[in-house]
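Okay, structure first, notes after.
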Amino acid sequence: MDEVNCSVVSEFVFLGLSNSWTIQLLLFLFSCMFYMASLLGNFLIVLTVTSDPHLQSPMYFLLANLSIIDLICSSSTAPKMIYDLLRRHKTISFGGCITQIFFIHAVGGTEMLLLIAMAFDQYVAICRPLHYLTIMSPQKCILFLVVSWIIGFIHSVSQLIFVVDLPFCGPNELDSFFCDLPRFIKLACMDTNALEFMVTANSGFISVASFLILIISYMFILVTVQKKSFGSLSKALSTLSAHVMVVVLFFGPLIFFYMWPFPTSHLDKFLAIFDVIITPFLNPVIYTLRNKEMKEAIKRLCTRVVNYTKLLKYTEDT
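The numbering used here applies: residue -10 is where the sequence shown begins, and numbers increase by one.
Encoded structure:
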């Protein structure tokens, strides 16, 4: 990379979500509320699963790791967005922009694979319950997790190596509130059609392929269960509905970002807020409110915390 590329653009300017201070203040309050709720909800799931012996199963192991991924994903963009809502001049350094892109795609790619692993777990639990513990052994769960992170890392790095040395000589304004590849590439001072196609092929087609694999998997589970009994089908529908909802919430915005051919800035920003702030909040809500064992485990955890607090207070008083 020549010296001009290094010196011309050292930071990027976010145009943000709105120029109205009233709207920005409302968005600040809204984002703070949902981001904090997302942190607390996902942290509660991780703490509950790791501390409750009744939840030491592959399904909850994968669920706890999904919550960890949601924590990392939302924290890679939401704090900066919330901070910028109170600033007139919203900037990010070149290195900060690259770091954001890396985490967004590494964690996003990992979550895709983890959701597929969770679908496989549901298939084994519903269609082959007698062999569940044999097939979904702790070693296999860890293997799923490691492979998911490795593929997520490769997915992210394989894109960044093509764009990190792009020449940027102005303008440096991103019509967004965080860095992502499509708008980042468009600011380069060269023809980027090939790179834009590469991003679409890498992120867009992978998102679509993963989404189709998951939907087909859930349909296969339902068809398999339907052949057994109506009661089993009803139970399977109740179990899978939460997973399908999470899949649609996660993949819907991603497919739109990378596959929709027409630029729609306002809709992009709305879906980005949904993906960054609301989806990580909805995941713990969906899994806890629709899961009886999780709700009972959270109650036990709260009871232990209350009893421990009372014990500490009693000890201090005596």
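All C-beta atoms in this analysis are idealised placements derived from N, C-alpha and C, irrespective of residue type, glycine included.
{"Item": "Determine the DSSP secondary structure at SER63, reduced to helix, strand or coil.", "Value": "helix"}
{"Item": "Here's the rule: buried if 16 or more other CB atoms are within 10 angstroms of the residue's CB, otherwise exposed. What is PHE194?", "Value": "exposed"}
{"Item": "Cutting at 7 Å between CB atoms, please list the residues of its own chain near TRP138, excluding the five before and the five after it.", "Value": "THR99"}
{"Item": "Helix, strand or coil: how does DSSP classify THR181 here?", "Value": "coil"}
{"Item": "Looking at SER27: is its Cβ nearer than 7 Å to the Cβ of PHE263?", "Value": "no"}
{"Item": "Along the beta strand (DSSP E) that carries ILE81, what are the first and last residues, could you check?", "Value": "80 to 82"}
{"Item": "According to the Cβ coordinates, are THR39 and ILE287 closer than 7 Å?", "Value": "no"}
{"Item": "Give me the Cα-Cα distance between LEU6 and LYS79, rounded to the nearest whole angstrom.", "Value": "11 Å"}
{"Item": "Do the stretch 49 to 60 and the stretch 295 to 305 meet, that is, are 3 or more Cβ pairs less than 8 Å apart?", "Value": "no"}
{"Item": "In three-state terms, what does DSSP make of LEU28?", "Value": "helix"}
{"Item": "Put GLY97 into one of helix, strand or coil per three-state DSSP.", "Value": "helix"}
{"Item": "Could you check if VAL294 is buried or exposed, using at least 16 other CB atoms within 10 Å of its CB as the buried criterion?", "Value": "exposed"}
{"Item": "Below 7 Å between beta carbons: does that hold for CYS158 and VAL(-3)?", "Value": "yes"}
{"Item": "Report buried or exposed for HIS144, applying the criterion of at least 16 other Cβ atoms within 10 angstroms of its Cβ.", "Value": "buried"}
{"Item": "What does LEU163 pair with, by DSSP beta-bridge criteria?", "Value": "PHE3"}
{"Item": "Are PHE91 and LEU149 closer than 7 Å when you measure CB to CB?", "Value": "yes"}
{"Item": "Which of the three DSSP states, helix, strand or coil, is assigned to LYS299?", "Value": "helix"}
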